[in-house]
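Participant: Numbering (this note's numbering) for the sequence shown: 1 to 549.
Cβ coordinates follow ideal geometry from the N, Cα and C atoms, glycine included.
Predicted model, so just to flag it, every value in this text is computed and none were measured.
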Amino acid sequence: MAIEGDAHESDGLRHTEILIVDDSKLMQEMISDAIDREQCTVRMANSGSEALELIEESLPHVMLLDQEMPGLRGNEVLKTVMGSQRTRDISVIMVTSKSDPQSVEESLRLGAMEFISKPFCVNELKARVSNVVRTNVLYREQKQLRLTADAANQAKSAFLANMSHEIRTPMTAILGFADLLLSEEGLENAPSSRVEALWTIQRNGQYLLDLINDILDLSKIDSGKLEVEHIGCSPRDIVADVITLMQVRATDQKLELRVEYQGPVPENIQSDPTRLRQILINLVGNAIKFTKAGSVCLKVQTRNQSAENPTLRVDVIDTGIGMTQKQMSNLFQPFVQADASTTRKFGGTGLGLTISKRLAEMLEGSITIRSTAGEGSTFSVEVPTGPLTDVSMIEVAADNQNASHKVSLPKETTIQLDCQILLAEDGPDNQRLISFILKKHGANVTVVENGQLALDAALKAREEGNPFDLILMDMQMPELDGYGATRKLREANYPGPIIALTAHAMDGAREKCCDAGCDDYASKPIDRQRLISLVAQYTSKELAEEVSV
């Protein structure tokens, strides 16, 4: 296998092509005789101009270049070679009678790897050429490994993007229709088995969505594309949110879930609230999963409060199955749990802990674990708080430590739409779901199944003087996709708002939609509350004001 730009694909990486550039035939032969012909192919050039012509035809790996030649001097050829992206990987050895320090320095500065003075010792020439050839081979092998790794990463990213799209698209219909059925009036009079079946559908659908989100997060972390922020946030609010979110799961397991504040905690810290919450949810969820009876307790404390680098520490303590030292050693590897029997018995992928550890490190913190088999585990996350000099410290009363903040559940929006909407969506199930949601709130909806039909319908409606108030554009469609349809509409000076609907969730998805000409972005599975608010925002000033209140 050859490196990119290498014309000698059949030779393999370890075979080296050498170009000897010298105006003396005798010198060419002397240098050629000193080269191992089993590992190298040799070409000759009588001048700098001829050398550049040969390089244009086929790239050598190594070039032995005379300094003093008629026409182009050696350093001029060297400068040209090193100045081109295509040729700068050629390893150049200067062979010249000009061996004064200034000449040596100039050649090395221009990019020469070696400098051999004439007259030369044949054995020294062999050794120096051999060293450069070996270095060049190692460089090419390393470059090939990088290219292979980059290709693998690109293939992985493309696969994950496609997998995300293919999973999110049907999840839109599964979660959307389950949500609609669960919000229907009179559900309290339905048989309990039917209600439980709906909750089961929704719960398992959400699990699949969480799984694909975990895989995407891990991929972003591995590729260095996941970013964290440092903003003011309340650690008490974050902990309260986690308790509220995880309380149902703990109740199902008949476990006590509580918080203990050990000393005062800062009113605000400088961190990433989304990622810190994600870490704690993963740790608490893991603790609940592996605890049959007893409790899961979060102990929260401020450490090194008066020092230069204060931290917030949260210990997640469970009374579960615990682990041996050997089991703990592999715990933070992706797709690994304590052992195979753990995976069979409790389920899960092992991604949560891997992501949590890497997120904690991105927050300049750490996660540690203490555990005893059969007695439970303690996972401790510790992250910097930022300076606390001017930050109020809150002492949480014992009787309020487990009082989680009341979180208002999302209510069915009462917004009524009075608008004409063009929905471009190729999936029949999602067509029915999204159009049903929009019609339920008063919108008139026209549905088309690809970008070309959307383009035709939008332009026709404008020509007839009855343009659509909004286009909801799925970005992945046959015939003409949403990106192409949106670009063509904007090229035709179509001024109306276009909201992208996409199941792509990789970095850059929003930017790609906006670059195509979309005004906004909604990811699948569709959040119907947000969708209605978004439509209202773009179709009615009065409703937009209501949404923003």
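1. Give a single yes or no on whether residue 213 has its beta carbon closer than 7 Å to a heavy atom of the ligand GTP.
2. With distances taken between CB atoms, is the gap from residue 35 to residue 28 smaller than 8 Å?
3. Hey, how far is the Cα of residue 417 from the Cα of residue 423?
4. Would you say residue 264 and residue 394 are within 8 Å of each other, going by their C-beta atoms?
5. Does the beta-carbon of residue 537 have 16 or more other beta-carbons within 10 angstroms, so that it is buried, or is it exposed?
6. On the CB-based measure, 16 or more other CB atoms within 10 Å of its CB, does residue 231 come out buried or exposed?
7. Check whether the Cβ atoms of residue 65 and residue 104 lie closer than 8 Å to each other.
8. My output table needs one value for residue 384: the three-state DSSP class, helix, strand or coil.
9. Residue 299 by DSSP, collapsed to three states: which one?
10. Alpha helix (DSSP H) containing residue 436: first to last residue?
11. Could you pull the start and end residues of the alpha helix (DSSP H) that residue 538 belongs to?
12. Looking only at C-alpha atoms, which of 157, 71 and 468 sits nearest to residue 540?
13. Measuring CB atoms only, is the segment 374-381 touching the segment 315-323, in the sense that at least three cross pairs come out at less than 8 Å?
14. Give the single residue among 493, 205 and 323 whose Cα lies nearest to the Cα of residue 525.
15. DSSP on residue 23, reduced to helix/strand/coil?
16. Taking the alpha carbon of residue 530 as the point to measure from, which residue in 365, 499, 57 and 460 has its own alpha carbon closest?
17. Do the segment 295-312 and the segment 382-391 touch if we need at least three Cβ pairs shorter than 8 Å?
18. Does residue 494 come out as helix, strand or coil in the three-state DSSP assignment?
19. Please identify the residue among 454, 428 and 16 whose C-alpha is closest to the C-alpha of residue 135.
20. Measuring only the C-alpha atoms, how far is residue 209 from residue 43?
21. Cβ of residue 485 within 8 Å of Cβ of residue 457?
22. Helix, strand or coil for residue 502? Go by DSSP, reduced to three states.
23. When you compare only the Cα positions, how much space is there between residue 463 and residue 277?
24. Give me, in chain order, the residues of the same chain whose beta-carbon lies closer than 8 Å to that of residue 262; leave out the 5 immediate sequence neighbours on both sides.
25. Measuring alpha carbon to alpha carbon, tell me which residue in 90, 33 and 459 is nearest residue 132.
26. When DSSP labels each residue in this structure, what does residue 554 get in the three-state scheme?
27. Is it true that the CB of residue 242 sits closer than 8 Å to the CB of residue 284?
28. Could you check the C-alpha separation between residue 120 and residue 99 for me, to the nearest Å?
29. Rounded to a whole number of angstroms, what is the C-alpha to C-alpha distance between residue 112 and residue 76?
30. So is residue 146 buried or exposed if we call it buried at 16+ other beta carbons inside 10 Å?
31. Report the start-end ranges of each beta strand (DSSP E) in the segment 214-289 that is 3 residues or longer and not cut off at the edges.
32. Give the secondary structure of residue 562 by DSSP, where H, G and I count as helix, E and B as strand, and everything else as coil.
33. In the DSSP assignment, the alpha helix (DSSP H) including residue 92 goes from what residue to what residue?
34. Do residue 271 and residue 233 count as a contact pair if the criterion is CB distance below 8 Å?
35. Whole angstroms are fine: how far does the CA of residue 92 sit from the CA of residue 122?
36. By how many angstroms is the C-alpha of residue 392 removed from the C-alpha of residue 183?
Facilitator: Answer, in terms of the structure:
1. By its list of ligands, the structure shown contains no ligand whatsoever, and the ligand GTP lies outside what it can speak to.
2. Residue mapping note: residue 35 aligns to position 35 of the sequence shown, counting from 1. Residue mapping note: residue 28 aligns to position 28 of the sequence shown, counting from 1. In this structure, residue 28 does not lie closer than 8 Å to residue 35 by Cβ.
3. Locating residue 417 in the sequence shown gives position 417, where the first residue counts as 1. Locating residue 423 in the sequence shown gives position 423, where the first residue counts as 1. Their Cα atoms are separated by approximately 15 Å.
4. Walking along the sequence shown from the start, residue 264 turns up at place 264. Walking along the sequence shown from the start, residue 394 turns up at place 394. Taking the C-beta atoms as reference points, residue 394 is found nearer than 8 Å to residue 264.
5. On the sequence shown, residue 537 is found 537 positions in, with the first residue counted as 1. Per the 10 Å Cβ criterion, buried.
6. Within the sequence shown, numbered from 1, the residue matching residue 231 stands at position 231. So residue 231 ends up on the exposed side.
7. Indexing the sequence shown from 1 puts residue 65 at position 65. Indexing the sequence shown from 1 puts residue 104 at position 104. Using a Cβ distance threshold of 8 Å, residue 65 and residue 104 do not count as a contacting pair.
8. Here the question's residue 384 lines up with position 384 in the sequence shown. Strand, per DSSP.
9. To locate residue 299, count along the sequence shown from 1; it is residue 299. Looking at residue 299 - three-state DSSP - the assignment turns out to be strand.
10. Within the sequence shown, residue 436 is the residue found at index 436, counting from 1. Element bounds for residue 436: 428-440.
11. If you number the sequence shown from 1, residue 538 lands on position 538. Its alpha helix (DSSP H) spans residues 528-539.
12. As a first step, residue 540 must be located in the sequence shown, where it is residue number 540. Residue 540 has its Cα closest to that of 468, out of 157, 71 and 468.
13. Yes, they touch.
14. Within the sequence shown, the letter at position 525 stands for residue 525. For the residues 493, 205 and 323, the minimum Cα distance to residue 525 belongs to 205.
15. Position 23 of the sequence shown, counted from the start, is the residue given in the question as residue 23. Residue state, collapsed to three classes: coil.
16. By 1-based counting over the sequence shown, the position of residue 530 is 530. Closest option to residue 530, Cα to Cα, is 499.
17. Three or more beta-carbon pairs separated by less than 8 Å link the segment 295-312 to the segment 382-391, which places the two stretches in contact.
18. Counting from one through the sequence shown, the residue named residue 494 turns up at place 494. Correct three-state label for residue 494: coil.
19. Start at 1 with the first residue of the sequence shown, and residue 135 comes out as number 135. Comparing Cα positions, the closest option is 16.
20. For the purposes of this step, residue 209 is taken as the residue at position 209 of the sequence shown. For the purposes of this step, residue 43 is taken as the residue at position 43 of the sequence shown. Those two C-alpha atoms are separated by around 60 Å.
21. Position 485 of the sequence shown, counting from 1, holds the residue named residue 485. Position 457 of the sequence shown, counting from 1, holds the residue named residue 457. Contact: no.
22. Locating residue 502 in the sequence shown gives position 502, counting from the first residue. In the three-state reduction of the DSSP assignment, residue 502 falls in the strand class.
23. As a position in the sequence shown, residue 463 is number 463, starting the count at 1. As a position in the sequence shown, residue 277 is number 277, starting the count at 1. Distance from the CA atom of residue 463 to the CA atom of residue 277, rounded to whole angstroms, is 51 Å.
24. On the sequence shown, residue 262 is found 262 positions in, with the first residue counted as 1. Once the five neighbours on either side are set aside, the close Cβ partners of residue 262 are 299, 300 and 301.
25. Walking along the sequence shown from the start, residue 132 turns up at place 132. Distances from the CA of residue 132 to each of 90, 33 and 459 were compared; the closest alpha carbon is that of 90.
26. One cannot answer for residue 554 here, as it falls past the ends of the chain, which runs 1 to 549.
27. As a first step, residue 284 is located in the sequence shown; it is residue number 284 there, counting from the start. As a first step, residue 242 is located in the sequence shown; it is residue number 242 there, counting from the start. Their beta carbons are under 8 Å apart, which means residue 284 touches residue 242 by this criterion.
28. As a first step, residue 120 must be located in the sequence shown, where it is residue number 120. As a first step, residue 99 must be located in the sequence shown, where it is residue number 99. The alpha-carbon atoms of residue 120 and residue 99 are separated by roughly 11 Å.
29. Along the sequence shown, one-based indexing puts residue 112 at 112. Along the sequence shown, one-based indexing puts residue 76 at 76. Taking the straight line from one Cα to the other gives about 12 Å.
30. Reading the sequence shown from its first residue, position 146 is the one you call residue 146. Residue 146 counts as exposed, since fewer than 16 other C-beta atoms from the protein chains shown sit within 10 angstroms of its C-beta.
31. Counting whole runs of 3 or more residues, the segment 214-289 contains the beta strand (DSSP E) stretches 231-233, 256-261 and 269-271.
32. The displayed coordinates of the chain run from 1 to 549. Any statement about residue 562 would go beyond what the structure contains.
33. The residue you call residue 92 lines up with position 92 of the sequence shown. No alpha helix (DSSP H) holds residue 92; the beta strand (DSSP E) holding it covers 91-96.
34. The residue labelled residue 233 in the question sits at position 233 within the sequence shown. The residue labelled residue 271 in the question sits at position 271 within the sequence shown. Yes, these two residues count as a Cβ contact at 8 Å.
35. Here the question's residue 122 lines up with position 122 in the sequence shown. Here the question's residue 92 lines up with position 92 in the sequence shown. The straight-line gap from Cα to Cα measures roughly 18 Å.
36. In the sequence shown, the residue the question calls residue 183 occupies position 183. In the sequence shown, the residue the question calls residue 392 occupies position 392. Approximately 43 Å, taken between the alpha carbons.
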